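One structure below.
Number of protein chains: 2
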Amino acid sequence: MRLVTRSEIEAVFDADAALAAVESGFRRFSAGEAQLTAVGQLSFADPPGDCHVKGAHLAGDDVFVIKVATSFYRNPDAGLPSSNGFMVVISARTGEVLALLRDEGLLTDQRTAMAGAIAARAIAKPGSSTLGIVGAGTQARLQAQLISRLLGMKSILFWGRNPERVAVLAAKQGGRSVDLVYLCDHADLIVTTTPATEPLLTAEMIRAGTRIVAVGADSPGKQELEAALLARARIVVDSRAQCVHHGDTGWAVRAGLVDEASLIELGALLAKPVEFDAEDIVIADLTGVGIQDAEIAKSIWSRLPPAVFQSEVFQSDWRGMS
Amino acid sequence: MRLVTRSEIEAVFDADAALAAVESGFRRFSAGEAQLTAVGQLSFADPPGDCHVKGAHLAGDDVFVIKVATSFYRNPDAGLPSSNGFMVVISARTGEVLALLRDEGLLTDQRTAMAGAIAARAIAKPGSSTLGIVGAGTQARLQAQLISRLLGMKSILFWGRNPERVAVLAAKQGGRSVDLVYLCDHADLIVTTTPATEPLLTAEMIRAGTRIVAVGADSPGKQELEAALLARARIVVDSRAQCVHHGDTGWAVRAGLVDEASLIELGALLAKPVEFDAEDIVIADLTGVGIQDAEIAKSIWSRLPPAVFQSEVFQSDWRGMS
């Protein structure tokens, strides 16, 4: 097993290659070419946090990937990052663990941001110029950076529950801190990135033609968008099975407001673009699919320089000395 | 993160303490004190193999455990062990990965054998003297050792599909290689440990009063016991939810031969022993529960000597030198 540190991961990380890999992964997933594990999940109340375990194998690949990622939202209060975890690359021929990517949440953060950007590119109206970001955490920052770069946004509006954090983020990203109503009235594309458990965006707040990428609701109990808003919208989901279970979409489907059959899977949309009407509200509901982890981990794994020594060599050397 | 090698794990492994921990885990699981992840699973056809991902947190614990284990049954043909994998101990307060136990399947093998021995002890008739082991792999060996030690068995009969492997195993364990009909006719307690996908033991082959521990069928599609045999038996399961889905029990429940409500969970049986009739066939169907992984990993974690240096220290030292 090769132990790959976060700095080694950062050294070989190629954002464009990873983005292309994740996009390809979505297409192959929706084409039925991926085997996924059931999503493993543990939730903690005090302090609040959760752990997600996802795994995927793409047909024909020599390796598969298992990811363990944790989020503890109060960690920053103690000076710790909220995200932690790793991905492992495992041989699909022998089951040997080939590499442990100690990304400490970095790759999960990146692949989540990439899914947001891929979905944004797929649903944004041509000429969109104002991006609205709801939330002030890691995803707020990454999505703002990636989407504004990818879609050439001219201005970014930020809103979040913590005005100080929003102000810092807006300043760093060259955007503006505004109130949520203003953001909804002016953004062409809104990205929601919060761990909210009650809707932040209601049907009433959203203008016709607005495009929304919702990445926060990735566990049962989380919700950023009012069900009535989804009822008015055309809905793109990263995984139909997952979104009806624990995305924003799930609330609307369970309330009988959205027909599961009307959901468009992102991979299918990428393979065969849909002409949305200019007045359509289009929502991309993203819950995170193991295929994203598999693709980003493989893109790191394939770029690693040859290992001079395996980490176990160090260990046994040291043990010999002690 | 502390990287703990297999030899470090072996150095601190205390079989009796681990057995007690796993037994306590079963009790607490059946008492509703455990949070488990959905079981993640990937299956591979060529070469045949699978990967299981399980995780658990016990109420009040500062840590939780995620386990990744692979089994590739043809690895031994290439001189490789069939089992691989690791367990991680993660803080339930911050989500930080505290330790990676690179057990390479050792702890999964041990906790599986321990569950078999715990179940055997709970269902065996007093005075049982002949143990029958079906299969010739790692579990056949470990269950033979642990159960004969724990229950003081006088003789062990072995049967498996590969006569040469069985002969080697029987010789090493001081037992006898016999045919399957003979084994069923003479064993007081039978342990089945194969990856069979069609029943090996039928209702017709099993005498009244026989006790059976079935540990092989841990994935959908696997089956060691004929459904009609379960229909005649009293059934103990490690996890009701899991066994009706993918244990031997599942086949019998789906066929309408066994009522789910009649299943006795192992942890409940341990907490409140049931008086089985001497003529009862009693079957313990074990599919492997995340709680076993959590308990055995914690028992290693709690016994580790203080780390002099974390493995990352080596890594960065070395990187500085390169």
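Protein chains in written order, with the numbering used here: chain A, 865 to 1186; chain B, 865 to 1186.
We put the beta carbon where it would ideally sit given N, CA and C, even for glycine.
Every value quoted in this text rests on a predicted model; they were computed, and no experiment measured them.
Give the straight-line distance between the Cα atoms of L867 of chain A and R892 of chain A, rounded to the nearest whole angstrom. Within the first sequence, residue 867 of chain A is the residue found at index 3, counting from 1. Within the first sequence, residue 892 of chain A is the residue found at index 28, counting from 1. Between L867 of chain A and R892 of chain A, the C-alpha separation is close to 29 Å.
Cβ atoms of L965 of chain B and I1164 of chain B: under 8 Å apart, would you say? The sequence position of residue 1164 of chain B within the second sequence is 300, counting from 1. The sequence position of residue 965 of chain B within the second sequence is 101, counting from 1. Yes; because the gap between Cβ atoms is below 8 Å, this pair is in contact.
So who's on the other strand from W1023 of chain A, going by DSSP bridges? Indexing the first sequence from 1 puts residue 1023 of chain A at position 159. Its beta-bridge partners are A:V998.
Endpoints, the alpha helix (DSSP H) within which S1163 of chain B is located: Counted from its first residue, the second sequence places residue 1163 of chain B at position 299. Taken as a continuous stretch (DSSP letters only), the alpha helix (DSSP H) holding S1163 of chain B covers G1154 to W1165.
Using DSSP bridges, identify the partner residues of T1036 of chain B. Locating residue 1036 of chain B in the second sequence gives position 172, counting from the first residue. Thr is not the amino acid found at residue 1036 of chain B; the sequence shown has Lys there. None; K1036 of chain B has no bridge partner.
Give a single yes or no on whether T934 of chain A has its beta carbon closer than 7 Å to a heavy atom of the ligand FAD. Looking at this structure, you won't find the ligand FAD or any other ligand, since it has none at all.
If you measure beta-carbon to beta-carbon, which residues of the segment 882-905 of chain A are closer than 7 Å to chain B? Per Cβ criterion, the list reads Q899, T901, A902, V903, G904 and Q905.
Assuming A1095 of chain B and V1055 of chain B are in contact, meaning their beta carbons sit under 8 Å apart, how far apart are those beta carbons, in whole angstroms? For this step, residue 1095 of chain B is matched to residue 231 along the second sequence. For this step, residue 1055 of chain B is matched to residue 191 along the second sequence. With a Cβ gap of about 21 Å, A1095 of chain B and V1055 of chain B do not count as contacting.
List the residues of chain A whose Cβ lies closer than 9 Å to the Cβ of I873 of chain B, in chain order. The residue given as residue 873 of chain B occupies position 9 in the second sequence. Taking a Cβ-Cβ cut-off of 9 Å, I873 of chain B has no neighbours in chain A, whose nearest Cβ is about 13 Å from it.
Tell me, please, whether the CB atom of G959 of chain A is closer than 8 Å to any CB atom in chain B? For this step, residue 959 of chain A is matched to residue 95 along the first sequence. Output row for G959 of chain A: interface = yes.
What does the Cβ neighbour count give for G1184 of chain B, buried or exposed, with the cut at 16 atoms within 10 Å? Walking along the second sequence from the start, residue 1184 of chain B turns up at place 320. Low local confidence applies: a pLDDT of 32 at G1184 of chain B is under 50, so the model's placement there is unreliable, with the coordinate-based value given in what follows. With fewer than 16 other Cβ atoms inside 10 Å of its own Cβ, G1184 of chain B counts as exposed.
Start and end residues, beta strand (DSSP E) containing Q899 of chain A: In the first sequence, residue 899 of chain A corresponds to position 35, counting from 1. Element bounds for Q899 of chain A: A898 to L900.
Bridge partners of N939 of chain B, per DSSP? Within the second sequence, numbered from 1, the residue matching residue 939 of chain B stands at position 75. Assignment of beta-bridge partners to N939 of chain B by DSSP yields no partner.
Can a CB atom of chain B be found closer than 8 Å to the CB of C915 of chain A? Stepping through the first sequence from its first residue, residue 915 of chain A is reached at position 51. Taking Cβ atoms only, chain B reaches closer than 8 Å to C915 of chain A, which makes this a yes.
Counting only beta-carbon separations shorter than 8 Å, does G1184 of chain B have a partner in chain A? By one-based count along the second sequence, residue 1184 of chain B stands at place 320. Since pLDDT at G1184 of chain B reaches only 32, below the 50 mark, its modelled position is unreliable, and no value is offered.
Determine the contact status of V1153 of chain A and Q1087 of chain A, defining contact as a CB-CB distance below 8 Å. Residue numbering aside, residue 1153 of chain A sits at position 289 when the first sequence is read from its first letter. Residue numbering aside, residue 1087 of chain A sits at position 223 when the first sequence is read from its first letter. In this structure, Q1087 of chain A does not lie closer than 8 Å to V1153 of chain A by Cβ.
Between the segment 965-974 of chain A and the segment 1076-1086 of chain A, do at least 3 Cβ pairs fall closer than 8 Å? No, they do not touch.
Which of helix, strand or coil DSSP assigns to H1110 of chain B: Locating residue 1110 of chain B in the second sequence gives position 246, counting from the first residue. Per DSSP, reduced to three states, the secondary structure at H1110 of chain B is helical.
Can you check the segment 1089-1149 of chain A for any alpha helix (DSSP H) of at least 4 residues that lies completely inside it and give the ranges in chain order? Here the runs fully enclosed are 1091-1096, 1104-1110, 1112-1118 and 1130-1135.
Excluding sequence positions up to five away, which residues of its chain have a Cβ less than 7 Å from the Cβ of R1029 of chain B? Position 165 of the second sequence holds residue 1029 of chain B. Correct list, in chain order: A1000.
In whole angstroms, give me the CA-to-CA distance for L922 of chain A and S1019 of chain B. On the first sequence, residue 922 of chain A is found 58 positions in, with the first residue counted as 1. On the second sequence, residue 1019 of chain B is found 155 positions in, with the first residue counted as 1. Taking the straight line joining both Cα atoms gives about 48 Å.
Determine the chain B residues that contact I930 of chain A at a beta-carbon separation under 8 Å, and present them in chain order. The count along the first sequence starts at 1 and reaches residue 930 of chain A at position 66. In chain order: G904, C915, V917 and V932.
Under a Cβ-count criterion, where at least 16 other Cβ atoms within 10 Å of its own Cβ denotes burial, should S1126 of chain B be classed as buried or exposed? Within the second sequence, residue 1126 of chain B is the residue found at index 262, counting from 1. The residue is exposed, with fewer than 16 neighbouring Cβ atoms inside 10 Å.
D1181 of chain A, buried or exposed, once every other Cβ within 10 Å from all chains shown has been counted against 16: One-based indexing of the first sequence puts residue 1181 of chain A at position 317. With a pLDDT of only 35 at D1181 of chain A, under the threshold of 50, the placement of this residue in the model should not be trusted, and no figure is reported.
Residue of A:G943, A:S992 and A:V998 minimising C-alpha distance to V1079 of chain A: As a working note, residue 1079 of chain A is residue 215 in the first sequence. Just measuring C-alpha positions, the residue of A:G943, A:S992 and A:V998 sitting nearest V1079 of chain A is A:V998.
Classification of V1138 of chain B by the beta-carbon crowding that lies within 10 angstroms, buried from 16 upward: Start at 1 with the first residue of the second sequence, and residue 1138 of chain B comes out as number 274. By the neighbour-count rule (16 or more Cβ atoms within 10 Å), V1138 of chain B is not buried but exposed.
N-terminal and C-terminal residue of the alpha helix (DSSP H) that D914 of chain A is part of: Stepping through the first sequence from its first residue, residue 914 of chain A is reached at position 50. Bounds of any alpha helix (DSSP H) do not take in D914 of chain A; it lies within the beta strand (DSSP E) bounded by P912 to L922.
Would you say the segment 899-915 of chain A touches the segment 890-907 of chain B, given that touching needs at least three Cβ pairs under 8 Å? Yes, the segment 899-915 of chain A touches the segment 890-907 of chain B.
Does the separation of the CB atoms of L927 of chain A and R1167 of chain A fall below 8 Å? Locating residue 927 of chain A in the first sequence gives position 63, where the first residue counts as 1. Locating residue 1167 of chain A in the first sequence gives position 303, where the first residue counts as 1. Going by the sequence as given, residue 927 of chain A is Val instead of Leu. The answer is no: Cβ separation not under 8 Å.
Could you round the C-beta distance between L1014 of chain B and A981 of chain B to whole angstroms and report it? I think they count as a contact, below 8 Å. Residue numbering aside, residue 1014 of chain B sits at position 150 when the second sequence is read from its first letter. Residue numbering aside, residue 981 of chain B sits at position 117 when the second sequence is read from its first letter. In this structure, L1014 of chain B and A981 of chain B form a Cβ contact; the two beta carbons are roughly 5 Å apart against a cut-off of 8 Å.
What is the residue span of the alpha helix (DSSP H) that M978 of chain A lies within? Looking up residue 978 of chain A in the first sequence gives position 114. Counting along the chain, the alpha helix (DSSP H) containing M978 of chain A begins and ends at L970 to I987.
Kindly indicate which three-state DSSP category S1012 of chain A falls into: helix, strand or coil? Against the first sequence, residue 1012 of chain A aligns to sequence position 148. When secondary structure is reduced to three states using DSSP, S1012 of chain A falls in the helix class.
Where does R1071 of chain B sit, in a helix, a strand or coil, going by DSSP? Along the second sequence, read from residue 1 onward, the residue named residue 1071 of chain B stands at position 207. In the structure shown, R1071 of chain B sits in coil (DSSP, three-state: anything other than H, G, I, E or B).
Helix or strand or just coil, what does DSSP make of E1176 of chain B? Counting from 1 along the second sequence, the entry for residue 1176 of chain B is found at position 312. Confidence is the limiting factor: at E1176 of chain B the pLDDT is only 44, short of 50, which leaves the residue's position unreliable, though a coordinate-based value still follows. Correct three-state label for E1176 of chain B: helix.
Through-space distance from L962 of chain B to I954 of chain B, alpha-carbon basis: Within the second sequence, residue 954 of chain B is the residue found at index 90, counting from 1. Within the second sequence, residue 962 of chain B is the residue found at index 98, counting from 1. Looking at the two C-alpha atoms, the distance is approximately 5 Å.
Simplified DSSP state of V1077 of chain A, which is helix, strand or coil: The count along the first sequence starts at 1 and reaches residue 1077 of chain A at position 213. V1077 of chain A: strand per DSSP, three-state reduction.
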